[in-house]
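The structure under discussion appears below in the form of structure tokens.
Structure follows, in structure tokens:
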């Protein structure tokens, strides 16, 4: 097991658990952000609508760690999580005028799964890399156009914000593209 990745997931879990007790102060609320409470763009993704929502997101994060423990480095996980959370929060704030409040880490988790799938694919596990990519993108697209399972909305006590899932996937794809471009351009040339 990747001890550093396990520790990072544990830290995210404890952070999310701790913030949940003060959820009203940290949830993303568009009007509050517009009035200077900018931290909600980030913290809103670490709080959840209720404890079942928390359990779903943390369970997905643990599954991510179990699937990709041997292919993803803790620095990749940490930097990716931060950039995903920041990007999703900004995208919701800037491009989704109808979303007045938001909670949950699922958008970032969708992005992490795409990044994890890419690391698995690059490490030679093409089956896991391809299957996870197809499943995650397929589910996000299906949920966005056909609507998520009604049971999920009932369980979390709110509408599932499928836009965050798409922003997470799009951000991950951009990050993978930029990292690939960097690797290509930073290779030493032979004379």
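Numbering (my numbering), first residue to last: 113 to 303. Every residue, glycine too, gets a C-beta built ideally from N, C-alpha and C.
In the structure shown, residue 244 falls within a helical segment according to DSSP collapsed to helix, strand and coil.
When C-alpha distances from residue 129 are compared across 142, 144, 163, the shortest belongs to 163.
Uninterrupted alpha helix (DSSP H) stretches at least 4 residues long and entirely within the region 209-271 occur at 218-234, 238-258, 262-268, given in chain order. By the CB criterion at 7 Å, residue 223 and residue 283 fall inside the cutoff. Taking 7 Å as the cut-off, the Cβ atoms of residue 121 and residue 173 count as close. Judged by beta-carbon spacing, residue 214 lies beyond the 7 Å limit of residue 269, meaning their Cβ atoms are not closer than that value. Per DSSP, residue 171 is one residue of the alpha helix (DSSP H) stretching across 163-180.
Residue 286 sits in a helix when the DSSP states are folded into three classes. Rounded to whole angstroms, the gap between the alpha carbons of residue 258 and residue 300 is 48 Å. Sequence-distant partners of residue 241 (beyond 5 residues in either direction) whose C-beta falls short of 6 Å from its own C-beta, in its chain, are 229, 232, 233.
Burial is judged here by how many other beta carbons sit within 10 angstroms of a residue's own beta carbon; residue 277 has at least 16 and is buried. Per the DSSP secondary-structure output, residue 140 pairs in a beta bridge with 214. Leaving aside the five residues that flank residue 145 on each side, the residues in its chain whose CB is nearer than 8 Å to its CB run, in chain order, 152, 153, 205. Shown here, residue 160 sits in coil according to DSSP, grouped into three states, outside any helix or strand. With respect to residue 244, residue 260 sits apart: the two C-beta atoms are not nearer than 7 Å.
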